[in-house]
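Counting in the working numbering, the sequence shown runs from 25 upward without gaps. This report concerns only the one structure given below.
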Amino acid sequence: MDRIRIRGGRDLSGDVRISGSKNSSLPILAATLLVDGPVLLRNVPDLKDIDNMCRILRHLGVRNYRNDDGSLFLEVEDSSARCAPYDLVRTMRASFVVLGPLWAKRGEARVSHPGGCVLGHRPVDLHVKGLRAIGAQIVVDAGYIDIGGPVRGGTVFLGGNYGSTVLGTANVLMAAALGQGRTIIENAAMEPEIEDLCNFLNACGARISGIGGHCLVVEGVERLHGCEHEIIPDRIEAATYMVGALMTNSPVMIESVKPGHMLAVLDRLQAAGAQLEVGRDYVRNVPTADGRIRAVDVTTLPYPGFPTDIQAQFMALMTRADGVSVITEKVYPERFMHASELARLGASIRREGPSAIIQGTPNLSGAPVMASDLRASASLVLAGLVANGHTDVRRVYHIDRGYERIEQKLQRLGADIERITEG
Ligand code: EPU
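See the structure below:
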């Protein structure tokens, strides 16, 4: 199993080009199930999660391959399959997002219930509620969700105790695109990845309005046609490198980003002392004279609030701050597995319910650590960049799910980082 070894203490400098968004690509890939004709997607990152979704789509009759220029071609060849089995869905929770398109296009579907994961209990009740509101007949049987009935359209409020649901909004949107009538999604997720999905669907002939807002209106159409589409930059990858630049007080230019998608993160980084030069499609970290990081509090919230997917990386940053900070997780209250691994590097972190209280320290010391999930592994790599000695991050398959060539990108910036492959 591969490990990533980082020898801390190097200054970084240079530029890093941000890849296309994983969380935008995944639902858009699933949406190709709805389309008659070829689809060409640009800027789809080369990641394990993308490979997994492509494999699931092949199982569902969607031919797909990468062209030499990196674009991804997809076309439905055989629409007889209706089932996404447990073995495929369990490898990646996001594959549950094939449920809406399979139902709308093929009339019925059977998709494995994804279950929980390391982030905690992750129910799909809002997906089910949303799909039922637009006509779905749903039965949960032997770990599977069976869905059928006509897609009629209707009105649904998609809010839950933790805000709206990103993939739940995607599931309802995609089904409603081929619905018989009008669908109104109140309290829809407003994440840029949902906006990208809406833009993709409209480019295929869907009629969605209210894009980017909390109320989406979908007028169902009879069919969708193929299109070409470019995936938005990955705001979480970009924010991860920004945290790294601030932690190492380094002149790093983060390119090919949409700063408008990251306002909450930029705000918290600046509050922590970052001097940022923000352009139309770049953010540059300007080193400060003292390299001091201020302790700031952060609460994760649905977009446009501070993203839960940057919480672990921000915690790594706060382990180096002057003073005490409180990080409160309002999206996944159990998402703190990285805290005990950061503690192995010498961080002082205390849990209080959905909050972590971090006492900053000037010195972290390298140690072997275990990645528990994608963003946790990124936080451990960041901590490794500033820890004394070397840090070995194990279970790096998590990081390969969501960070394209992370060790090459960091090497290019001057980090001492390598991947160690073990037989
Ligand atoms: N929730 C419910 N019921 C539901 C669905 C969600 O109670 O039916 C709750 C969840 O348990 C959670 C909150 O609502 O407390 C938000 O969950 P959401 O459904 O929005 O998450 P998701 O759509 O399954 C996506 C991202 C996650 C990201 C979350 C929140 C993808 C593929 N995944 O998941 O990304 O953390 O939104 O922003 O888009 C990651 O990339 O590392 C990752 C975990």
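Beta carbons are placed, not taken as given, at the ideal position from N, Cα and C, and that holds for glycine.
Of the heavy atoms belonging to the ligand EPU, at least one sits nearer than 6 Å to the Cβ of V190. Per DSSP, V164 is one residue of the beta strand (DSSP E) stretching across Q161 to D165. A check of alpha carbon separations from G329 across G234, P216 and Y265 identifies P216 as the nearest. Straight-line measurement puts the Cα of S372 at about 20 Å from the Cα of T324.
In this chain, N211 is not harboured by any beta strand (DSSP E), its DSSP state being neither H nor E. In this structure L221 is not in contact with I80, their Cβ atoms being roughly 17 Å apart against a cut-off of 8 Å. Within the same chain, and ignoring the five residues on either side of G61 in sequence, the residues whose Cβ sits closer than 8 Å to its Cβ are E99, H249 and G250. Excluding the 5 residues flanking it on each side, R206 has same chain C-beta neighbours closer than 8 Å at G177, V241, V242, E243 and G244, in chain order. Of all C-beta pairs linking the stretch 125-138 to the stretch 167-184, three or more are shorter than 8 Å, placing the two stretches in contact. As for any alpha helix (DSSP H) of minimum length 4 sitting wholly inside the stretch 177-229, the runs are 190-201 and 216-227, ordered along the chain.
The stretch 68-85 makes no contact with the stretch 270-280; the number of CB pairs closer than 8 Å stays below 3. When DSSP states are grouped into helix, strand and coil, P331 belongs to the coil group.
Every unbroken stretch of the beta strand (DSSP E) spanning 3 or more residues and falling wholly within the stretch 376-431 is given here in chain order: 379-383, 392-394 and 414-418. Contact check for D258 against S45 passes: the beta carbons are separated by less than 7 Å.
Cβ contact annotation for E442 (same chain, cutoff 7 Å, sequence separation greater than five): R29 and E431, in chain order.
I209 places its beta carbon less than 7 Å from that of V180.
The criterion of a C-beta distance shorter than 7 Å is not satisfied by Q294 and V310. Of the residues S396, S401, L398 and S349, the one whose Cα lies closest to the Cα of E376 is S349. Closest option to G38, judged by alpha-carbon separation, among K433, D93, V410 and R31: K433. T352: member of the beta strand (DSSP E) spanning V348 to E353, first to last residue. Considering only G237, A201, V420 and L155, the residue with the shortest C-alpha distance to G229 is A201. Counting only the Cα atoms, N91 lies some 39 Å from G159. Distance from the C-beta of A118 to the nearest heavy atom of the ligand EPU is below 6 Å.
Contact between the stretch 414-426 and the stretch 352-364 is absent, with fewer than three C-beta pairs closer than 8 Å.
For E446, the secondary structure class from DSSP, reduced to helix, strand or coil, is coil. In the three-state reduction of the DSSP assignment, L290 falls in the helix class, which pools H, G and I. For the 7 Å CB-CB criterion, V142 and S403 do not form a contact. Within the stretch 60-137, the complete alpha helix (DSSP H) runs of at least 4 residues fall at 72-83, 110-113 and 123-130. In this chain, the alpha helix (DSSP H) harbouring N47 covers K46 to A55. The Cβ atoms of L155 and L57 lie no closer than 7 Å to each other.
Put simply, the backbone Cα of D291 is about 16 Å away from that of V281. In terms of CA proximity to Q383, R344 leads the group S95, V355, Y265 and R344. Annotation for P257 indicates a beta carbon at 6 Å or more from all heavy atoms of the ligand EPU. Judged by the Cβ position, H151 qualifies as a neighbour of the ligand EPU at the 6 Å threshold, a heavy atom of the ligand being closer than this.
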